[in-house]
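In my numbering, each residue's number is its place in the sequence shown (first place is 1) plus 24.
All C-beta atoms, glycine included, are put in the ideal place defined by N, C-alpha and C.
Let me begin by presenting the structure, written as structure tokens, before commenting on it.
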Amino acid sequence: MNSATVKTAAGYIAGLLFGLGLAISGMTDPARVLGFLDVAGAWDPTLMFVLGSAVGTTFVGYRLVFARGEPLFSPNFQLPTKQALDGKLLGGAALFGIGWGLSGYCPGPAIASIGGLSLPLLALLAAMVAGWFIAKRISQ
Numbered sequence: 025m026n027s028a029t030v031k032t033a034a035g036y037i038a039g040l041l042f043g044l045g046l047a048i049s050g051m052t053d054p055a056r057v058l059g060f061l062d063v064a065g066a067w068d069p070t071l072m073f074v075l076g077s078a079v080g081t082t083f084v085g086y087r088l089v090f091a092r093g094e095p096l097f098s099p100n101f102q103l104p105t106k107q108a109l110d111g112k113l114l115g116g117a118a119l120f121g122i123g124w125g126l127s128g129y130c131p132g133p134a135i136a137s138i139g140g141l142s143l144p145l146l147a148l149l150a151a152m153v154a155g156w157f158i159a160k161r162i163s164q
């Protein structure tokens with residue numbers, strides 16, 4: 025197998041594991057996320073534990089990967105170089121948070137939930153795709 029095929033397969037496997045983790049943890053259910061955001065009502069702490077385990081796994085994983093010195097399927101690491109906080113970043117983060125809070129979905133769980141497509145999920149996916157196109161037009 026050539027390296028491009030292996031790299032693509034590794035990406036699909038990582039996505040599959042991510043989606044499986046979302047499904048097992050219940051994060052594809054928007055009621056769980058909205059329950060976490062409802063701190064004055066019936067608060068559901070499940071998301072806090074999912075995010076905490078993700079941060080812990082990432083913390084350990086990055087150290088193991090960087091200790092190798094180079095990635096498995098690329099000649100070098102491709103890390104972001106931009107460190108400034110600007111209006112685009114803050115505005116995008118605010119829109120992301122508003123959309124997540126209103127719908128209960130962020131992009132990963134939304135895509136992982138396509139199998140149980142509902143009208144609210146379809147509306148979110150359409151808005152997400154429209155947002156990508158609008159952001160692309162604004163960035164040019």
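- Within its own chain, the residues whose Cβ lies closer than 7 Å to the Cβ of G132, once the five positions on either side in sequence are excluded, are F42 and L46, listed in chain order.
- Note on geometry: alpha-carbon atoms of S77 and Y129 lie some 19 Å from one another.
- In the structure shown, the three-state DSSP call for M51 is coil.
- Between the alpha carbons of F97 and L113 lies a gap of roughly 29 Å.
- Contact annotation: V74 and M51 have beta-carbon atoms nearer than 9 Å.
- The residue among T82, G155, I138 and W124 with its C-alpha nearest the C-alpha of A55 is W124.
- Ranked by Cα distance from P144, the options S127, A118 and T82 are led by S127.
- With a beta-carbon spacing of about 6 Å, L149 and A134 fall inside the 8 Å limit used to define contacts.
- Note on A136: 16 or more other CB atoms within 10 angstroms of its CB, so buried under the neighbour-count rule.
- By the Cβ neighbour-count rule, L103 is exposed, with fewer than 16 other Cβ atoms within 10 Å of its own.
- Taking a 10 Å sphere around the C-beta of V89, we find fewer than 16 other C-beta atoms and assign the residue as exposed.
- Contact between F60 and T70 holds, with the beta-carbon distance rounding to 7 Å and staying under 8 Å.
- For P133, the secondary structure class from DSSP, reduced to helix, strand or coil, is helix.
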